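*Asks:* Here you go, one structure.
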Amino acid sequence: MPPVFGMLFDGIAYGMLLFLMSVGLSVTLGMMNFVNLAHCSFAMLGGYVAVTLMNAFGWPFLLTLPIAFLAAAAASVVLERVFFRRFYNAGELEQCLLTIGIVFVSIAGAAYIYGTDQQPVHLPPYLQGSIVFAGLDFAIYRLFLIGIALVITVVLIATVEATRFGAQVRAAVNNQRMARGLGIDVDRLFAITFALGSGLAGLGGALAIAMLGLDPSFALTYLIYVLIVVSVGGLGSVAGSFVAAMLLGVSDEAGKYYIPAFGSVLIYLVMMVVIMWRPAGLFGRR
Amino acid sequence: MSSATIDAAVGPRQFLRAQNRWRWTEIAFWLATLLPFVLTPDYLVLASQIAITGLFALSLDLILGFSGIISLGHAAYFGMGAYTAGLLSVWGWGEPLTGLLAAGVTAGLFGYLTSFIIARFRHLALIMITLGIGLLLQEAANSASFITGGFDGLQGIHTWPILNRFDFDLYGRTAYSYALVVLFLTFLVARRIIHSPFGLSLRGIRENGQRMPAIGAATRAHIRTIYTIAAVMAGIAGALLAQTTETVSLETLGFQRSADVLVMLILGGTGRLYGGPIGAIVYMVARDQFSGLNPQYWYFWIGLLLIAVVMFMPDGILGGLALALRRLTPRRAKD
Amino acid sequence: MQKFLYVAAGLTLAMLGAGPAAAQDTVSIGMINEYSGQFADTGAQIDHGVTLYMKQHGDTVAGKKIVVIRKDTGGIAPDIAKRLSQEAIVRDHADILGGFSLTPNALAAADVSAQAKKFMVVMNAATSAITTKSPYIARTSSTTPQLNCTLGTWAAKHNIKTIYTMVSDYGPGIDAEKWFQKCAKDGGAQIVGSVRFPVANPDFSAFIQAAKDKNPDAIYIWIPGGAQPAAVGKALSERGIDTSKIKILGQDALAAETALKSMGDTALGIITVADYDYNHQSPMNQEFVKAFNDEFHRNPDFFAVGGYDGTHLIYAALQKTGGKADGDSLIAAAKGMSWESPRGPIMIDPQTRDIVQTVYIRRVEKVGNELRNVEIDSVPGVKDPEHEQK
């Protein structure tokens, strides 16, 4: 098999990770227009929860994943009630300032509790190493990542397309005022969606440690990539986030493999090209 | 200073003239900027960097506060100005005033070229494009390390004394005076622009961009113009930093700088001309003090400050002050 | 309104900003470091080294009380670093500047050191040129050429004939690449390919694959610390690199403690060059590691030892000058000073004011149940080759 397939595989795995971290933001931005720059703080929280459970309490890696999800979701519920709720009707700039303030606090908090160094993570032995297939090495952890992300994607899309809850979400994203007029409790809907999205971010964060590392500046470093995925995919669209994440993950890998001198730039170029061609994102509405 | 509505009984020209009159608060502000020389002479270097950042924030206000263009990449022009001034000095020409001019022209040119893209987009697309431009420029600067010095930054900058007389000292007296004068002069220009028919049309574009062509305003051309002007001003700010610190590094172009100035502007209050400088003062003084008290966790206190301001002063600090003033003097006519 | 705000701010500043009284019998050290942000861990370790030394040796030297003033640059910010250095000297009356992990910051502060004629001790930044920027600078860490040239020479001497190099595409990485390749080639090895990857690169699979395709005797990897070493380890394991067939060469950060913990057994066999590791077997180091652990509950690393030795240099220089803290006296005292450090014997070169030390080649091996860097070779008295070139 030519090496391009290996590169594609790596890119797709990276894309899956980006998807998990971004899908929550896409839906909440699309639904409530609430600019939550603290989204990656939830991812960071999920990561730190997973690390604490593994290193301090000896939990197996797989078991930490649902806890990371729940912890991030719970934190988002608290923040939503205490802070975000007051700002739904405020301007985007206020929302920016509020959520950036929260990011700063979260970074300082993480540094205080965990220190500033990288958090080591021990993957269980069955997730380490790689499988050799048709002359290429396929990392087991990436296969695992792709597997989990696909399952979640299917569940998400099924929920959005085939359940009543999903229909309500789609309605609220499409036209909030109308949805309210039809009697849909948009605020409650948003709270649930927000919790789900943040929980997914937390899960993404826990999965990301083994690939991207974890330290207190995680909340800011990956915000740019998440914003790129969300804007390229289109606000409020699960499918959009998925496609955008794939596109960006593969572009990044391809860039690094074929033109290493400019590798990191490819992702920005792709973003600019897509946005200039389709300002609302690939699957965006407005 | 406040965003006001046009009273139909007063014609537009009188309105503008009234807006253009100097209020006592403005005069007091500018007098107060002289205080550091007397009250806090050990802080003049910090004051000069605050003045520079204030100028940078002012330039962002022109496009954000007055024209509604949210930019996450405004540092691109700041950095362009900084590198222009720095490179001129490295190549042998360290005269500061002409360096400022050159920086402004270069940044303005780049701003003009990018404005053609900027003017076509709105909302999230616009934000991401400004972000993209900034990131791409930073990468380009890193790659062109044979010119820019790359990671280590530009070495060998030496700024000649201003007007051949004032040398840059360790206390920052010259630096602050220089930065303050440039800030004031540029501010005057910005003020004139805003309190002009052109400035009014910008506000129209901000409030309802789609409606403006209906009354004959050339929206895209206006946006291009103000964007170019903002780029020139940002470039001048960058050049000031390069000249007063004799350092230029990649982070002058970086996302961190763009994000910081955006936060400062929102903190101070957008669309009020003074919001940028005030935000810069509050943020940088707070950061300096918190950082001195607690070098490792000052982020925490700054975060709390931001949250507190946004919860209690939704329109930024100036907005909050204006509200308080209005409450204290209920019978004063809206000005 | 604004006037009130500004006056209030000014008054508050005047009150808060009053630094410690510059008594005649204090010597203040302005520590300009990264205490927050991406590089906070480096700053923390350097600071630990300084604190430990002061705890062990007291805070009085030659009748003067030593006061440390900490200033945070927040990351790569030469304008801030320069301002903080100026403020330390002007506002806080610091006599000595210390710290400096990042080259751009160190270079900016060097201007201040030269202008104000203050002794400056660089405790981490590794670019050669730094010590040339001010006649008052001494360095107690290491330089990139010093380490990487030694590795290159060693590799060529030990039967490694073909090497593929990959480095991070920024100053220190490019510096490392240049000196490693030069010294390896001087020793008779051949560079079969090289690549520079973007700095914030979290994923190395593509690059490792490209290297593997060339089938070299060794792959030389230079990355800064942080998340990257673990990511490299992952890529090595994913791409099936057998370290007994293809040797992996690198600098200290590649095999740092956290990196080894994350990489697990895939790290076995990685060969790195460093000036210090907590595993160094000397009685002085064993005491140092124990004291460090007692105080900070973690092991020291090369950052910490840079801070520790930097403080020793300051103390010893002050002792020699009898307490005189001006730049000229201190740098004169520092030149040629040599002592035993937890890393081994070190000296401040009297000509270049740079560090001269023993450079160690280590290999990752299993010691008991842990992965450690075990010294397999050492080269004593290594000077910085870039200075020697001129």
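Residue numbers (our numbering), protein chains in the order written: chain A, 397 to 682; chain B, 23 to 357; chain C, 72 to 461.
Quick reminder that beta carbons are idealized off the backbone N, C-alpha and C, glycines included.
Computed from a prediction, not measured in an experiment: that's the story for all the values here.
So, under 8 Å CB-CB, Glu-105 of chain C and Gly-169 of chain C are touching, yes? Tell me the CB distance rounded to an integer number of Å.
*Replies:* With a Cβ gap of about 13 Å, Glu-105 of chain C and Gly-169 of chain C do not count as contacting.
*Asks:* Below 8 Å, can you find three or more Cβ-Cβ pairs linking the stretch 77-91 of chain B to the stretch 223-241 of chain B?
*Replies:* These segments touch.
*Asks:* Can you find a CB in chain B that lies within less than 8 Å of the CB of Phe-110 of chain C?
*Replies:* Judged by the 8 Å Cβ criterion, Phe-110 of chain C is not in contact with chain B.
*Asks:* Distance, Cα to Cα, Ile-419 of chain C vs Gln-524 of chain A?
*Replies:* One C-alpha to the other measures close to 46 Å.
*Asks:* Can you list, in chain order, the residues of its chain with a C-beta nearer than 7 Å to that of Val-360 of chain C? Leave out the 5 residues immediately preceding and following it.
*Replies:* Around Val-360 of chain C: Tyr-349, Asn-370, Pro-371.
*Asks:* For Ser-627 of chain A, would you say it is in contact with chain B, using Cβ-to-Cβ distances shorter than 8 Å as the test?
*Replies:* Answer yes: the Cβ-Cβ gap between Ser-627 of chain A and chain B drops below 8 Å somewhere.
*Asks:* Please classify His-96 of chain B as buried or exposed, where buried requires at least 16 other C-beta atoms within 10 Å of its C-beta.
*Replies:* Classification of His-96 of chain B: buried, given that the 10 Å Cβ count is 16 or more.
*Asks:* How do the stretch 497-511 of chain A and the stretch 310-325 of chain B stand: do at least 3 beta-carbon pairs fall below 8 Å, yes or no?
*Replies:* Enough Cβ pairs lie closer than 8 Å, so yes.
*Asks:* If the cut-off is 7 Å on Cβ atoms, which residues from the stretch 398-414 of chain A count as contacting chain C, listed in chain order?
*Replies:* So the list reads Pro-399, Gly-402, Met-403, Asp-406, Tyr-410, given in the order they occur along the chain.
*Asks:* Taking 8 Å as the CB-CB cut-off, is Ala-507 of chain A touching chain B?
*Replies:* Answer yes: the Cβ-Cβ gap between Ala-507 of chain A and chain B drops below 8 Å somewhere.
*Asks:* Assuming Arg-538 of chain A contacts Phe-457 of chain A under a Cβ cut-off of 8 Å, what Cβ separation, rounded to an integer in Å, is found between them?
*Replies:* So it is not a contact: roughly 15 Å between Cβ atoms.
*Asks:* In chain A, what lies closer than 8 Å to Ser-165 of chain B by C-beta?
*Replies:* Here the neighbours are Ala-657, Phe-658.
*Asks:* From the beta carbon of Thr-314 of chain C, is the nearest beta carbon of chain A less than 8 Å away?
*Replies:* No, its Cβ sits nowhere closer than 8 Å to a Cβ of chain A.
*Asks:* Closer than 6 Å by C-beta to Ile-245 of chain B: which residues in its own chain qualify, once you throw out the five before and the five after it? Chain order, please.
*Replies:* Contacts found: Ala-141.
*Asks:* Any beta carbon from chain C within less than 8 Å of Met-417 of chain A's own beta carbon?
*Replies:* Not one chain C Cβ lies under 8 Å of Met-417 of chain A.
*Asks:* Going by C-alpha distance, which of B:Val-203, B:Leu-38, B:Thr-241 is nearest Phe-143 of chain B?
*Replies:* Measuring from the Cα of Phe-143 of chain B, the nearest candidate turns out to be B:Thr-241.
*Asks:* Give the DSSP bridge partners of Val-684 of chain A, in chain order.
*Replies:* Outside the displayed range of chain A (397 to 682) lies residue 684 of chain A, so it cannot be described from this structure.
*Asks:* Between Glu-117 of chain B and chain C, is there a C-beta pair that is closer than 8 Å?
*Replies:* No, its Cβ sits nowhere closer than 8 Å to a Cβ of chain C.
*Asks:* Just verifying my parser: in three-state terms, what is the DSSP assignment at Tyr-392 of chain A?
*Replies:* Residue 392 of chain A is absent from the model: chain A starts at 397 and stops at 682.
*Asks:* Going by DSSP in three states, Thr-113 of chain C sits in which element: helix, strand or coil?
*Replies:* It is helical.
*Asks:* Grouping DSSP H, G and I as helix and E and B as strand, with all else coil, what is Ala-148 of chain C?
*Replies:* Coil, per DSSP.
*Asks:* I believe Asp-365 of chain C touches Asp-513 of chain A by the beta-carbon criterion, under 8 Å. Please report the beta-carbon distance rounded to the nearest angstrom.
*Replies:* At roughly 19 Å, the Cβ-Cβ gap does not stay under 8 Å, so Asp-365 of chain C and Asp-513 of chain A are not in contact.
*Asks:* Looking at Met-194 of chain C and Thr-211 of chain C, is the spacing between their C-beta atoms short of 8 Å?
*Replies:* Cβ distance < 8 Å, so Thr-211 of chain C and Met-194 of chain C count as in contact.
*Asks:* Helix, strand or coil: how does DSSP classify Trp-455 of chain A here?
*Replies:* It is coil, neither helix nor strand.
*Asks:* Please state the DSSP three-state secondary structure of Arg-144 of chain B.
*Replies:* Correct three-state label for Arg-144 of chain B: coil.
*Asks:* Pull the bridge partners of Met-191 of chain C from the DSSP assignment, please.
*Replies:* In DSSP, Met-191 of chain C forms a bridge with C:Leu-168, C:Ile-208.
*Asks:* Could you tell me whether any Cβ in chain B is nearer than 8 Å to the Cβ of Glu-490 of chain A?
*Replies:* So yes, Glu-490 of chain A belongs to the interface.
*Asks:* What span of residues does the beta strand (DSSP E) with Ser-526 of chain A cover, start to end?
*Replies:* Run containing Ser-526 of chain A: 526-529, per the beta strand (DSSP E) assignment.
*Asks:* Cβ atoms of Leu-541 of chain A and Met-403 of chain A: under 8 Å apart, would you say?
*Replies:* No, the Cβ-Cβ distance between Met-403 of chain A and Leu-541 of chain A is not below 8 Å.
*Asks:* Please look up how many angstroms separate the CB atoms of Gly-340 of chain C and Ser-315 of chain C, rounded, as I've assumed it's under 8 Å.
*Replies:* The pair is a contact, with the Cβ atoms about 6 Å apart (cut-off 8 Å).
*Asks:* Can the beta-carbon of Asp-166 of chain C be found closer than 8 Å to that of Ala-326 of chain C?
*Replies:* In this structure, Ala-326 of chain C does not lie closer than 8 Å to Asp-166 of chain C by Cβ.
*Asks:* What is the rounded straight-line gap between the Cα of Gln-322 of chain C and the Cα of Trp-293 of chain C?
*Replies:* Gln-322 of chain C and Trp-293 of chain C: Cα-Cα distance of roughly 6 Å.
*Asks:* Given a threshold of 16 other Cβ atoms within 10 Å of its Cβ, counted over all protein chains shown, does Val-625 of chain A qualify as buried or as exposed?
*Replies:* It counts as buried.
*Asks:* If we count the other Cβ atoms within 10 Å of its Cβ and call it buried at 16 or more, is Met-574 of chain A buried or exposed?
*Replies:* Exposed, because fewer than 16 other Cβ atoms sit within 10 Å of the Cβ of Met-574 of chain A.
*Asks:* Kindly list, in the order they appear in chain A, the residues whose Cβ is closer than 8 Å to that of Ala-298 of chain C.
*Replies:* Within 8 Å Cβ-Cβ: Gln-514, Leu-608, Gly-609, Leu-610, Asp-611.
*Asks:* If you measure between the beta carbons of Gly-600 of chain A and Ala-469 of chain A, is that distance less than 8 Å?
*Replies:* Not in contact: Gly-600 of chain A and Ala-469 of chain A (Cβ atoms no closer than 8 Å).
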